[in-house]
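Following: one structure in structure tokens, then a few remarks.
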Amino acid sequence: MLPLLLAAALIGPVPDPPPTYGSPPRPTTESAVTLSYQADAGFAMAVKLTCGPPGGGHPRAAQACATLEQVGADPGRITQTSTACVLLYKPVTATLSGTWQGREVSWTHRFGNSCEMRRATGVLFRF
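Just so you know, we're using this note's numbering here: the sequence shown kicks off at 24 and counts up by one.
Take a look at the structure:
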């Protein structure tokens, strides 16, 4: 016992451990996509959507982010609604491009009209 006390006296006080502030921050994987559609008739619309937290110019950003999360940012995997659309041929091309959870994404599809586009893509192109 005496040798331990003597050794402790010679070494001096033991410093306190360094402070800890919780776990280190995780790297963020930003999700920011541009949603746009253009009609052959000449009009076009576009909006930026950010997720994590939902934001950008999309009027239903939280719902749109949830939809993209469910389908892995592939609008082609969205389950269509059973909404009836008028059989009027006014083609619309919808496009999604940007970064989703750290990876580049790109999707384009041509629909017979804007009703068919919204029926197939849910809330994504409702702006």
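Ideal Cβ positions, reconstructed from N, Cα and C, are used throughout, including at glycine.
Quick caveat, the model's predicted, so the values are computed rather than measured.
Residue range of the alpha helix (DSSP H) that cysteine 88 falls in? Start at 1 with the first residue of the sequence shown, and residue 88 comes out as number 65. Looking at the DSSP string, the run of the alpha helix (DSSP H) that includes cysteine 88 is 84-94.
Host beta strand (DSSP E) of alanine 62 (start-end): If you number the sequence shown from 1, residue 62 lands on position 39. Run containing alanine 62: 54-62, per the beta strand (DSSP E) assignment.
Residues in its own chain within less than 6 Å of glycine 145 by CB, not counting five upstream and five downstream? As a first step, residue 145 must be located in the sequence shown, where it is residue number 122. Only Thr90 and Ile101 meet the Cβ criterion.
Quick test of the definition: if touching needs 3 or more C-beta pairs under 8 Å, does the stretch 135-144 touch the stretch 77-87? no
How is glycine 99 classed by DSSP in three states: helix, strand or coil? Taking the sequence shown and counting its residues from 1, one reaches residue 99 at position 76. The answer is helix: DSSP assigns glycine 99 an H, G or I state.
To the nearest whole angstrom, what separates the beta carbons of threonine 118 and serine 59, a pair I think is in contact under 8 Å? Looking up residue 118 in the sequence shown gives position 95. Looking up residue 59 in the sequence shown gives position 36. 5 Å between Cβ atoms; contact.
Tell me whether arginine 141 sits in a helix, a strand or coil according to DSSP, three-state version. The count along the sequence shown starts at 1 and reaches residue 141 at position 118. In this structure, arginine 141 counts as helix in the three-state DSSP scheme.
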